[in-house]
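Q: The sequence shown begins at 0 in numbering that gives the first Met the number 0 and counts up one residue at a time. The C-beta atom is built at its ideal place from N, Cα and C for all residues, glycine as well. Remember, predicted model here, so these are calculated numbers, not experimental data. Can you keep this structure in mind? I'll have questions shortly.
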Amino acid sequence: MSYVEVDPQLVRHAGVRLRDAVGVARVVTGRRGELTGLAADAGHPALSDAVETFLSRWAHGLGCLMDDADRLASMLADAGQIYVDVEASIASAAGGGVP
């Protein structure tokens with residue numbers, strides 16, 4: 000028989016790190032205007048159009064990914080906290096201290 004072992008701190012930490020990664024992606028997305036401006040400053044309309052098209056599609060895909068990652072980060076953080084709360088409740092009910 001196999002058992003599932005979970006380290007609540009690692010689960011919560013994964014949620015925090017994922018949320019940090021989403022923050023970085025949001026910063027990059029926020030600088031989209033700078034990137035299109037640099038392409039426009041190059042003085043070649045075809046390059047500027049290609050960069051704008053790429054960034055528009057990339058930003059859409061990244062936005063979808065960030066939304067999913069935000070939800071996953073919240074679920075991981077919540078799950079980690081629930082494990083901690085359940086372990087504390089079991090320890091308390093068994094007459095022990097909080098782990």
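According to the neighbour-count rule (16 or more other Cβ atoms, all chains shown, within 10 Å of its Cβ), is V50 buried or exposed?
A: Here residue 50 refers to the residue found at position 51 when the sequence shown is read from its first residue. Its Cβ being crowded by 16 or more others within 10 Å, V50 is buried.
Q: Near S47, what residues of its chain come up, given a Cβ to Cβ distance below 8 Å and the 5 sequence neighbours on each side ignored?
A: Here residue 47 refers to the residue found at position 48 when the sequence shown is read from its first residue. So the qualifying residues of the chain are T35, A38, A39, A41.
Q: Does the region 21 to 33 come within contact of the region 78 to 97, defined as at least 3 CB pairs closer than 8 Å?
A: Output reads no: the region 78 to 97 does not touch the region 21 to 33.
Q: Quick check: what's the CA-CA separation for D62 versus V5?
A: As a working mapping, residue 62 is identified with position 63 in the sequence shown. As a working mapping, residue 5 is identified with position 6 in the sequence shown. The question names Asp, but residue 62 is Gly in the sequence shown. Their backbone Cα atoms lie some 30 Å apart in a straight line.
Q: Taking C-alpha atoms, which residue in E33, M65, R18, Q8 lies nearest to S73?
A: In the sequence shown, counting from the first residue as 1, residue 73 sits at position 74. Ranking the options by Cα distance to S73, first place goes to R18.
Q: Could you give the distance in angstroms between the alpha-carbon of V10 and the alpha-carbon of A76?
A: The residue you call residue 10 lines up with position 11 of the sequence shown. The residue you call residue 76 lines up with position 77 of the sequence shown. So the alpha carbons of these two residues sit roughly 7 Å apart.
Q: Classify Y2 as helix, strand or coil using the three-state DSSP reduction.
A: Position 3 of the sequence shown, counted from the first residue, corresponds to residue 2. Correct three-state label for Y2: coil.
Q: What are the start and end residues of the alpha helix (DSSP H) that includes G60?
A: Here residue 60 refers to the residue found at position 61 when the sequence shown is read from its first residue. Segment 44 to 92, the alpha helix (DSSP H) holding G60.
Q: Nearest-angstrom Cα distance between L54 and A93?
A: One-based indexing of the sequence shown puts residue 54 at position 55. One-based indexing of the sequence shown puts residue 93 at position 94. If I take the Cα positions, the gap works out to 57 Å.
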